[in-house]
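Take 1 as the starting number for the sequence shown in full-length UniProt numbering and just add one per residue.
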Amino acid sequence: MDKERFDESEQWFILRDLKRPNSKSPAYKQLVDEQYKVFTPLKWRLRISKDGKRIREKVPFIQDLLFVYGKKSEIDQIVQRIPTLQFRFRKGGYCIPMVVSDAEMEEFMYAVKSSNQEHSFQEKLLRKLLNGQYV
Numbered sequence: 001m002d003k004e005r006f007d008e009s010e011q012w013f014i015l016r017d018l019k020r021p022n023s024k025s026p027a028y029k030q031l032v033d034e035q036y037k038v039f040t041p042l043k044w045r046l047r048i049s050k051d052g053k054r055i056r057e058k059v060p061f062i063q064d065l066l067f068v069y070g071k072k073s074e075i076d077q078i079v080q081r082i083p084t085l086q087f088r089f090r091k092g093g094y095c096i097p098m099v100v101s102d103a104e105m106e107e108f109m110y111a112v113k114s115s116n117q118e119h120s121f122q123e124k125l126l127r128k129l130l131n132g133q134y135v
């Protein structure tokens with residue numbers, strides 16, 4: 001894909017968030033608060049509070065995986081502004097950012113949101129996605 005195609009069309013870009021898992025403001029929450037279209041698969045986690053109570057909370061299934069919808073130029077500004085955000089690049093792709101088509105992303109979001117149960121993804125499929133191969 002050439003640079004012009006990235007700048008003119010809105011796409012789902014795959015980013016990584018380098019913040020710690022116990023961060024109070026992970027990038028996906030920060031971007032949602034700023035009105036960006038963001039998706040990250042979530043799972044339930046049981047946390048014990050300081051007073052000993054068990055608290056059930058949603059946390060990212062894969063800590064650093066983040067999908068953001070927008071134009072390349074908009075996403076570039078986000079990545080420059082938030083130092084812990086980075087593009088995921090295709091393997092051997094000479095710094096070509098990874099993108100997911102709208103149709104594939106809709107299917108993925110539907111599959112994740114269609115169930116309230118904990119999700120089990122095949123590690124092999126996720127590795128293909130992260131390496132830039134077709135799933």
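Glycine included, C-beta positions come from ideal geometry on N, C-alpha and C.
> Which residues in the same chain have their Cβ closer than 8 Å to the Cβ of Arg45, if we skip the five residues on either side of it in sequence?
Replying inline: Excluding residues within five positions, the ones whose Cβ falls inside 8 Å are Arg56, Glu57, Lys58 and Val59.
> Quick one: is Arg88 buried, meaning 16 or more other Cβ sit within 10 Å of its Cβ, or exposed?
Replying inline: Looking at its Cβ environment, which holds 16 or more other Cβ atoms inside 10 Å, Arg88 is buried.
> Where Val99 and Leu85 are concerned, what is the direct C-alpha to C-alpha distance, given to the nearest angstrom?
Replying inline: Their Cα atoms are separated by approximately 16 Å.
>> Count Cβ pairs between the stretch 26-45 and the stretch 67-80 that sit closer than 8 Å; are there 3 or more?
In response: Between the stretch 26-45 and the stretch 67-80 there are three or more inter-stretch CB-CB distances shorter than 8 Å, so the stretches are counted as touching.
> For Glu4, which of helix, strand or coil comes out of DSSP?
Replying inline: Its pLDDT being 46, under 50, Glu4 is placed unreliably by the model, and nothing is read from it.
> Using the rule of at least 16 other Cβ atoms within 10 Å of the residue's Cβ for burial, across every protein chain shown, is Leu18 buried or exposed?
Replying inline: By the 16-neighbour rule on beta-carbons within 10 angstroms, Leu18 is exposed.
>> I need the straight-line Cα distance from Ser9 to Ala103, nearest angstrom please.
In response: Looking at the two C-alpha atoms, the distance is approximately 15 Å.
> Candidates Pro21, Gln30, Lys29 and Pro26: which alpha carbon is nearest Arg47's?
Replying inline: Of the listed residues, the one whose Cα sits closest to Arg47 is Pro21.
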